[in-house]
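Counting from 1 along the sequence shown, just add 3 to a position and that's the residue number in my numbering. In this text, a Cβ means the ideal position worked out from N, Cα and C, and glycines have one as well. Just so you know, these numbers come straight off a predicted model, no measurement behind them. As C-alpha cells, the structure follows; a few thoughts come after it.
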Amino acid sequence: MGLVAIRIAFVAMAAASGWLAAGDAWAANGAYFVDSADISEAGSCKVESWFSTASNADFSAVANPSCVVNVFKPVELSLLTNRPRSDGDLSTGIAPKAKTNLVPTGIGKIGVAVYAGGSFDALTGENLTTFAVVPATYRLSETMRININGGWLWDRTVDRHYLLYGLGFDWKFTDVLQVTLETFGQAGASDTPSVVQPRFQAGVRYRPNEIFSVDLIYGRNITGENANWITIGTTIRFPPPDGKPARERTGHL
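Right under this line is the structure:
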C-alpha cells in the first residue's frame, strides 16, 4: 500500500510540474497521437514527457502522468499538461482523460478501447475542447501491430465539431528498438486550411528495459500549423507491486 501511495504521489508531483495546447489534447501514446487498444495492468503508473520544436519557432513542453485503477474494470486516468508557444503566444493548459479496454487485443484479432476527456485553460478554467476516441488494434505478430482511431472533437474556442481519425503502424524490429509511423488529423470546417489537412509522424523508440524508453520523432503539421517538427520524449514506468512486466504478461509489444 505504501509503494502505491508513493507512486501516485510521484505522478501527481510530475503533473504539477508540467505545462496544453488544444492540438495535444488527444495525444494518446506518449508523443504519438494514434493510440492502441491496450492499457497497462491495474496498479501501474507511468510518466510520459516530451519537448517538440517546430520550423516556424513554435514549441511544446509536455508532461503526461497516468495510473491504472480498478473502477469495476481497469481504467487508465491521465492528466496531460503542456506549456506551448504558438504564433509567438504562450499558453498553459491541462487535459484530464480516462481510457478503458473493451475487447482485449491478440494476434490475428481486433482489440477495442475507448477514451474521453477535455482540455482546460489552467489560468481561467475555460473548457477549450471535449473529445472522445475509439482506438482499435490488430496484431500481425508479437512484434507488429496496426492501430486505427476514430473519434469526435468539439473545439469550444471556435464552437466547431470535428471528426478525428488516425492510422498507425508499430514494429519492434530488435529487442530494444521500435519504429512507429502514423497519419492522423481532424475533418471538418476551418478558416485555416492546414487545421484540417492530414498530419504525419515517424519515430524510433529505444527501450533498453521495462522501466524506461526514449523516442526521437519527426512530424509534419502535427498541430495544424503547416510546419515541420522534431520531438524528443521519454517514458518512465512504475509497475504494480509483484506485477510482471507488460511484455512478460502479454507476450507482445
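Assuming residue i is part of the beta strand (DSSP E), what are its boundary residues?
i           : result
residue 210 : Taken as a continuous stretch (DSSP letters only), residue 210 belongs to no beta strand (DSSP E), as it is neither H nor E.
residue 222 : 215 to 223
residue 65  : 62 to 74
residue 158 : 147 to 158
residue 173 : 163 to 175
residue 118 : 113 to 124
residue 130 : 130 to 142
residue 104 : 96 to 106
residue 234 : 231 to 241
residue 57  : 48 to 57
Are residue i and residue j touching if we call contact CB-CB under 8 Å?
i           : j           : result
residue 50  : residue 239 : yes
residue 39  : residue 140 : yes
residue 106 : residue 115 : yes
residue 36  : residue 204 : yes
residue 45  : residue 244 : no
residue 89  : residue 241 : no
Rounded to whole angstroms, what is the Cα-Cα separation between residue i and residue j?
i           : j           : result
residue 83  : residue 155 : 18 Å
residue 66  : residue 113 : 30 Å
residue 152 : residue 186 : 10 Å
residue 177 : residue 126 : 44 Å
residue 211 : residue 194 : 45 Å
residue 93  : residue 191 : 26 Å
residue 108 : residue 166 : 25 Å
residue 110 : residue 169 : 21 Å
residue 237 : residue 150 : 21 Å
residue 64  : residue 172 : 25 Å
residue 97  : residue 132 : 11 Å
residue 183 : residue 138 : 16 Å
residue 26  : residue 85  : Its pLDDT being 48, under 50, residue 26 is placed unreliably in this model, and the coordinates cannot settle the point.
Going by Cα to Cα distance, which pick from the options is closest to residue i?
i           : options            : result
residue 144 : 174, 118, 93       : 174
residue 216 : 222, 207, 224, 223 : 207
residue 157 : 237, 136, 63, 242  : 136
residue 134 : 189, 183, 149      : 189
residue 74  : 164, 86, 63, 104   : 104
residue 213 : 61, 182, 256, 86   : 256
Ordered along the chain, which non-local residues of its own chain (more than five positions away) have a Cβ less than 6 Å from that of residue i?
i           : result
residue 234 : 34, 53, 55, 220
residue 99  : 82, 120
residue 79  : 42, 69, 71, 102
Go through its chain and collect everything with a Cβ distance to residue i's Cβ below 7 Å, but skip five positions before and after it.
i           : result
residue 130 : 121, 123, 159
residue 197 : 224, 227, 228, 229
residue 209 : 179, 180, 216, 217
Only counting the same chain, and skipping five residues up and downstream in sequence, which positions put a Cβ closer than 8 Å to that of residue i?
i           : result
residue 231 : 57, 58, 221, 222, 223
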